[in-house]
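To start, the structure under review is shown below, and the notes come after it.
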Amino acid sequence: MKTLAEAEQEIINDFALFDTWDEKYQYIIELGQQLPPLDDKFKNEEHKIKGCQSSVWLHCYRDNSKIYFRADSDSTFVKGEIALLIKVLSGRTPDEIKNTSLHFIDAIGLRQHLSMTRANGLASMIKKMKEYAEV
Amino acid sequence: MKTLAEAEQEIINDFALFDTWDEKYQYIIELGQQLPPLDDKFKNEEHKIKGCQSSVWLHCYRDNSKIYFRADSDSTFVKGEIALLIKVLSGRTPDEIKNTSLHFIDAIGLRQHLSMTRANGLASMIKKMKEYAEV
Amino acid sequence: MTAEKVKQVSMNSEIIRIRNDFPILQQNVYGKPLIYFDNAATSQKPRQVLQALSEYYSKQNANIHRGVHYLSQQASEMYEQVRVKVRDFIHARSEHEIIFTRGTTESINLVAHSFGNAFVNKGDEIIITAMEHHSNIVPWQLMCETRKAVLKVIPINDNGELLMESFNQMLSERTKLISVVHISNSLGTINPVKQIIEAAHQRSIPVMIDAAQSAIHEEINVAQLDCDFLAMSSHKMLGPTGAGVLYGKMELLEKMPPYQGGGDMIQSVSFNETTYQNPPFRFEAGTQNIADVIAFGAALDYLNALDRKDLLRHEQQLLQYAAEQVQKIDGIRIIGTAKEKASILSFIAEGVNAMDLGMYLDTQGIAVRTGHHCTEPVMDFFKIPGTIRASFLFYNTINEVDAFVSALEKGITLLNKK
Amino acid sequence: MTAEKVKQVSMNSEIIRIRNDFPILQQNVYGKPLIYFDNAATSQKPRQVLQALSEYYSKQNANIHRGVHYLSQQASEMYEQVRVKVRDFIHARSEHEIIFTRGTTESINLVAHSFGNAFVNKGDEIIITAMEHHSNIVPWQLMCETRKAVLKVIPINDNGELLMESFNQMLSERTKLISVVHISNSLGTINPVKQIIEAAHQRSIPVMIDAAQSAIHEEINVAQLDCDFLAMSSHKMLGPTGAGVLYGKMELLEKMPPYQGGGDMIQSVSFNETTYQNPPFRFEAGTQNIADVIAFGAALDYLNALDRKDLLRHEQQLLQYAAEQVQKIDGIRIIGTAKEKASILSFIAEGVNAMDLGMYLDTQGIAVRTGHHCTEPVMDFFKIPGTIRASFLFYNTINEVDAFVSALEKGITLLNKK
Ligand SMILES: Cc1ncc(COP(=O)(O)O)c(C=O)c1O
Ligand SMILES: Cc1ncc(COP(=O)(O)O)c(C=O)c1O
């Protein structure tokens, strides 16, 4: 498995192929469409992160002192974001998760779109993931 | 005695001699300094018109179906304004007072200074004078 | 050319002329011409408004009302002149019935607080509708909690129209105030406010109108409507953010206690007794948003110089054309199909998340709004999480609608791929 | 040239450079160069602030926080960036402790209302001072009336300084909040707020600071002061009218109920139950004054780029020089002679009406303020109807003070003629 830094770099390289927001958007939608579905039993209030315009269900679990994430959303775009976060964060140690600044979000030039903190749940999602790593 | 219209015209002519606000101001101050003092017995709460920055004591009386005004203020400038109003309004019939629009105030080009409605009591003073004519 | 055609062409050239006054409409977004269909959220501003702001700050800026110096007198005069302009714009009897606020939200909060304190007691009722903006819900909820009053809600039908029968049954001696949105920001419905006011006045119940949306589209005539309060926002009617209006009938305003305390709203302050100014000043505490009120005046001048009836017709054409075209797309359902509608088009696309589609439109330089539009109860009624809303103003064009519809089709196809 | 002299000369050229940024200062009034000494009422604005306004309206204008389109995202980002700028400007821990309001008056009303509802009960006490601006008196009077609490007032001495002993004796378990002006707008007194806060905190009493005047002159450090609330106005610190700040400690803000209800401050609205956002959003209902907040950010940038310590020294020189010169004039009495004073000079001239003299200065193009300056209790204390107030900001010059003093002499002579 790639390191966290390698995973981030790979995403950055992928996005470097696209010039426009249009292309990046379509790529994220594709990632979203490909995200493996979350087991229905996790799609409940307990696992829900409410954004203003979309909902995310996040399931975190530990295995062998690594942390794994699975998630789903009613928005395909948010599912694309989830796919990116899972690529970078899932299967890492708690320390790795706690310490990363997720600089790829800035580096792929989508900060303004991905960080609409109050419109979609990305920020809350990252917060939840980091909290899980703290426990 | 001059008619109301003549009195207004005279004031307009007087002010036509001055180009600047500076000169007009000084002339009004002079008028204020020359205003005959109001009998102290009228300087009480009953006769007071409170502006935000100066007080006016207004005494109205009727004689022979004409209305007369006497007034005083703690501001010399306001006394100058009073002098102008008395020149135009004092000794007139109730109808004359009710019907005049006091167009001289605009015509002498001092509207902005004389109509600081909330700073000095000019507007309230005119209102009171007109009210007295209504009774 | 037919007369109709001539009219259309001259309308087009009028729209082009108007568009030239709006610097932002000349902009590209992601290299594509901006198509701004988010007018119900906020309108764009003509350069005349921007100039009014710059001019004011470059030539008159001063604090108002008590200053004896030139700048302060100029500024006071300009500020008070806008009160007169607003009076004329909404046909109020007196400029003293015009209170400047931050916007519709604050106007409603002011009434909820001050009217509530003066007139609302335990068990009294306030009536609103099921299609209110949160700004015409939450202030009443807060007030009803404090005053132990009850909030009643006029229900709507599947077209997004008020059930007037229910409304009529709701009226009683306990009803203390009715507050109704004139044009719904999420459905576009134009409510029969005149009828509501007449019914209410038969029982001497005052009515407040939320004119946040209507003030830019319709001619507002408070004398004819005979409404008791009316609220609007400068930013939705070509003016700057941070300014708004509360109109209130003097008979009511006079009886209402102050809302905020501070400079300028007092007659006299002492630690024993403080007395307040008459309306409107009683309700304008502290330094007002002088510059924006003055620039709002420039927006009113701009609106007054237009042929608003013609422009309204143009907006209605945009609405009808857009509705027709959008409905041709598979799976699209329009939310809000009232008979009387303003140029606001809300819809959902089956199986497609509204935000995803809104973002796709954004990639094409098209600005629409998605979500609940601050009317969650409307979404709950229609059992949907939100809609996509395209809201048109007179500076929009049929060509823009075409571009929008074609982007919509592409977006839906893309998002439906699984 | 001595080092001192060199410094002075370079200061002068710095002032000239700064003055060039303020379009209004280039103006003539009645054919005379404007001398603007009414800075305590409102400051003038540099062109950078006007540009920020025009730019915003020409390039980004949109409603914020929920929009998925380009303009809305730009506008939201810019708006929220100013929150961060304010955080840094006043050294707050978190930008979530920064609430945007219309200005100081609204900030104080917000605290009076929400803190009052959360924490103040019958018989509780609120402490203010005898030198407060009406905006820091009336909100507490209104709140004390509603909550049946008692308003206590720290007295002042003949220099216009707080009687700290009285203050210390006033503190008790009943004290729920202390609200104190940092710099008096009518006396110029700089209050020992740090000392007040320390004394209050020993009894766990929160303290609110009215920084309306101080924010432009002093460096505000809420971390060091450890104040619990702080209010300021954009328009007094080079920014536009209609914007202001409330700083509050998160521990307190979290416990306070909303002030106004409306869009954007809610988590979820239904007719059964409405829930609210966390601070700061809970306290920002409806469309905010987006453009002016962004332009306020430009004002902060402008201030940050200056050497404020040097400029403060310059202001102090203006104050001292003006006080010296004015006192040489027969019959002039300075009101407000505290040891610690900001560049605000209030005085009366014996036998001369303050407004008359202010108007005379106006004829000479000199803008000062006359009257009670929204501090009637101060005037009552000194048994005077009002003062003439010249308030200096760093863009003022010694030459302007000279012109002012000489006009003052002429005006007094003219008005003393009988
Ligand atoms: C000390 C003080 N407090 C409060 C205020 C009120 O500020 P604003 O009018 O900007 O709300 C002012 C200014 O007028 C002031 O000088
Ligand atoms: C119908 C309606 N009412 C009230 C509001 C609130 O207006 P503002 O946010 O300008 O205070 C809006 C706009 O957002 C609206 O559309």
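Residue numbers (the working numbering), protein chains in the order written: chain V, 1 to 135; chain A, 1001 to 1135; chain G, 2001 to 2418; chain P, 3001 to 3418.
C-beta atoms are modelled at their ideal positions from N, C-alpha and C, and glycine is treated no differently.
If you're wondering where the values come from, they're calculated on a predicted model, not measured in any experiment.
Consult DSSP for residue i and reduce its assignment to one of helix, strand or coil.
i, result
"P:ASN3028", "strand"
"V:THR76", "helix"
"P:SER3233", "strand"
"P:TYR3036", "strand"
"G:TYR2259", "coil"
"A:SER1124", "helix"
"V:LEU85", "helix"
"P:ARG3047", "helix"
Just the Cα atoms here: how many angstroms apart are residue i and residue j?
i, j, result
"P:TYR3247", "P:ILE3099", "6 angstroms"
"P:THR3370", "A:SER1055", "14 angstroms"
"V:SER65", "G:SER2214", "60 angstroms"
"G:TYR2056", "G:ALA2211", "28 angstroms"
"P:ARG3087", "V:ASP72", "36 angstroms"
"V:PRO94", "P:LYS3122", "51 angstroms"
"A:VAL1135", "A:THR1100", "16 angstroms"
"P:ARG3313", "P:ASN3396", "12 angstroms"
"P:ILE3016", "P:GLN3026", "11 angstroms"
"G:ILE2335", "G:SER2346", "5 angstroms"
"P:GLY3261", "A:TYR1132", "47 angstroms"
"P:SER3186", "P:GLY3160", "10 angstroms"
"A:ALA1016", "A:GLN1034", "21 angstroms"
"A:ASP1000", "A:LYS1087", "This structure gives no information on residue 1000 of chain A, because the portion of chain A shown stretches from 1001 to 1135."
"V:MET129", "V:LYS79", "15 angstroms"
"P:PRO2977", "P:ALA3322", "The structure shown does not extend to residue 2977 of chain P, since chain P is modelled only from 3001 through 3418, so no value can be given for it."
"P:LEU3225", "P:LYS3176", "19 angstroms"
"A:TYR1027", "P:LEU3415", "12 angstroms"
"V:THR20", "G:SER2184", "36 angstroms"
"A:MET1125", "A:GLU1081", "10 angstroms"
"P:ILE3197", "P:ILE3205", "8 angstroms"
"G:SER2094", "G:PRO2279", "11 angstroms"
"G:PHE2271", "P:ILE3126", "13 angstroms"
"P:ASN3289", "G:ARG2203", "38 angstroms"
So which residues of chain A does residue i contact, with C-beta pairs closer than 7 angstroms?
i, result
"P:THR3370", "GLN1053"
"P:ASN3272", "Within 7 angstroms Cβ-Cβ: nothing; P:ASN3272 doesn't reach chain A, min ~47 angstroms."
At which residues does the beta strand (DSSP E) containing residue i begin and terminate?
i, result
"A:ARG1062", "1055-1063"
"P:MET3208", "3207-3210"
"P:GLU3125", "3125-3129"
"G:PHE2347", "2344-2349"
"P:VAL3352", "Note, P:VAL3352: premise wrong, no beta strand (DSSP E); not H, not E."
Tell me where the alpha helix (DSSP H) around residue i begins and ends.
i, result
"P:ASP3380", "3376-3382"
"G:ILE2290", "2290-2304"
"G:ARG2093", "Per DSSP, G:ARG2093 belongs to no alpha helix (DSSP H) and is neither H nor E."
"G:VAL2138", "2138-2147"
"P:GLN3320", "3308-3327"
Which residues of chain A have a Cβ atom closer than 9 angstroms to the Cβ of residue i, listed in chain order?
i, result
"P:LYS3383", "Per Cβ cutoff of 9 angstroms: no residues; P:LYS3383 is ~14 angstroms from chain A at best."
"P:LYS3417", "ILE1029, GLU1030, GLN1033"
In chain G, which residues lie less than 8 angstroms from residue i when you measure between Cβ atoms?
i, result
"V:ASP74", "ASN2353, PRO2385"
Listing by chain order, which chain D residues have their CB less than 7 angstroms from the CB of residue i?
i, result
"A:TRP1021", "You won't find chain D in this structure, because its protein chains are V, A, G and P."
Residues of chain P with a CB under 9 angstroms from the CB of residue i: which are they?
i, result
"G:ASP2038", "ALA3062, ASN3063, GLY3067, HIS3069, LEU3071, SER3072"
At 7 angstroms on the CB atoms, spell out the chain V contacts of residue i, in chain order.
i, result
"G:LEU2252", "Residues of chain V passing the Cβ test: none, with the nearest at roughly 37 angstroms."
Kindly list, in the order they appear in chain G, the residues whose Cβ is closer than 7 angstroms to that of residue i.
i, result
"V:TYR25", "MET2359, TYR2360, THR2363"
"P:GLU3106", "GLN2260, GLY2286"
**Asked** How do the stretch 3080-3100 of chain P and the stretch 2248-2263 of chain G stand: do at least 3 beta-carbon pairs fall below 8 angstroms, yes or no?
**Response** no
**Message:** Check whether the stretch 2065-2082 of chain G and the stretch 3031-3042 of chain P are in contact - that is, three or more C-beta pairs closer than 8 angstroms.
**Reply:** yes
**Item:** Inter-stretch contact (C-beta, 8 angstroms, three-pair minimum) for the stretch 2355-2370 of chain G and the stretch 2401-2410 of chain G
**Value:** yes
**Request:** Would you be able to state if there are at least three C-beta pairs under 8 angstroms between the stretch 3377-3386 of chain P and the stretch 1040-1051 of chain A?
**Result:** no
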